[in-house]
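Structure record follows, encoded as structure tokens.
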Amino acid sequence: MTYNNQIQKIKTQIQDLSAWLWGHKVLEQDIETWVKNFENTSDNDDKNKLIALSLLSQFMFYDQREIKQALKSLYKDKYIAPLVKKYRKATKSLILNDYNKFLDDSLKKTRFSSIGNPSESSSIILYFFRQRNNIEKEFFIHSCELIVDERYNNLEQLVYIDDISGSGSQATNENFCKIITEIRAKIPMIKISYFTLFATTTALKTLKDSKLFDNVDTVFELDDTYKAFSETSRYFKNNSNCKEEFKKLCKTKYSKKFDLGKEDISRNKNGKLNTQECGFADNQLALGFFYNIPNNSLPIFWANSDQWQSIFKRYSKKYMLLKKGNN
């Protein structure tokens with residue numbers, strides 16, 4: 025089968041995926057426009073188009089229904105189940121009403137919160153988390169409130185809910201560490217957890233090693249097989265030559281066309297931007313949600329500039345820089 029026939033076949037597969045699983049996020053014209061990004065970039069453009077389309081056909085796109093179901097699992101498996109196990113071990117009770125009362129009392133001494141700015145995706149996740157699990161809104165709070173409001177001094181649990189942690193950097197940055205330190209100083213016995221829908225193995229290690237949280241867990245762990253160009257990549261089975269060639273193009277020729285913002289590029293230990301990354305912190309993911317595409321995914325999917333047309337829309341963070349002397 026020629027490259028052209030293979031390309032047409034996989035385009036049809038992607039259109040079917042979009043219709044059945046991606047909520048029609050990707051239309052035929054979108055695919056045609058996106059594929060043109062890979063023209064005039066190497067000696068074998070058709071081959072690279074086929075590789076790009078193959079990656080797109082394996083993209084893990086989660087619609088609203090799937091996100092809500094994952095949030096249900098997070099609540100049951102990461103929050104409720106440990107409480108039930110703790111109560112069973114302490115009481116040996118087999119009476120359902122006893123468990124229900126214990127869970128109700130525990131929930132009253134728990135608050136759920138998000139990491140980052142209220143306008144960011146973790147707040148969207150918190151809304152769906154409350155909705156899907158039928159939790160009263162009084163149990164949700166901005167964690168800074170715990171520092172200034174005496175009413176929360178008897179809380180037993182603070183649970184942060186997030187959609188994805190690719191590097192662990194957001195939940196371990198200096199400003200957030202200060203918040204956690206102040207909360208622990210004010211409420212010494214509080215248990216602080218951080219639960220995500222998705223997290224890379226690297227991020228989980230970073231979060232656990234930070235010792236900021238009493239409990240770190242995820243619904244779906246993304247090991248190195250989910251990194252597009254890793255040695256164990258699930259996307260290039262038995263085709264290491266194609267993998268290395270395409271990786272080089274992503275890090276060099278394609279990246280020159282992306283025009284990424286500084287917030288979408290991580291920094292090394294010396295503070296220098298890692299400009300040849302394939303996704304923030306070089307996570308190399310092929311993953312996105314109905315409300316946004318994380319910058320941990322390959323930029324070939326979401327970068328948008330005069331020289332590069334995205335296949336999925338990413339809403340990047342905008343940071344306002346205040347000049348000295350401004351009030």
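First residue of the sequence shown? That's 25 in my numbering, and the numbers climb one at a time after it. Built from N, CA and C at the ideal position, the CB exists for glycine as well. Fair warning: this is a prediction, and the values are worked out from it, not measured in the lab.
The residue among K286, D283, R258 and A252 with its C-alpha nearest the C-alpha of K272 is A252. DSSP places E245 in the strand class (E or B) of the three-state scheme. In terms of Cα proximity to A76, the closest of D122, I203 and P323 is P323. The beta carbon of D187 lies closer than 6 Å to those of S145, I149 and L221 in the same chain, with the five residues before and after it left out. Between I159 and L182, the C-beta spacing is not below 9 Å.
Shown here for F244: same chain residues with a beta carbon closer than 7 Å to its own, the five before and five after excluded, namely L221 and F222 in chain order. By the Cβ rule, the region 99 to 114 does not count as touching the region 62 to 70, because fewer than three pairs are nearer than 8 Å.
The beta-carbon separation of Q300 and K275, rounded to 4 Å, stays under the 8 Å limit for a contact. If you draw a 10 Å sphere on the C-beta of I119, you find fewer than 16 other C-beta atoms in it, and that means exposed. Of the residues assessed, A43 falls on the exposed side of the cut-off, its CB having fewer than 16 other CB atoms within 10 angstroms. With respect to the 9 Å criterion, Q82 and Y259 are classified as neighbours on the basis of their beta carbons. Just measuring C-alpha positions, the residue of D40, L79 and H48 sitting nearest F270 is L79. Proximity to K337 across L98, D241 and D54 peaks at D54, based on C-alpha coordinates. The C-beta separation of G303 from N292 comes to about 16 Å, leaving the pair out of contact by the 8 Å criterion.
Under the three-state reduction of DSSP output, R338 falls in the coil class, being neither helix nor strand. In this chain, Q181 is not harboured by any alpha helix (DSSP H); it is covered by the beta strand (DSSP E) spanning Q181 to S189. Under the three-state reduction of DSSP output, L297 falls in the strand class.
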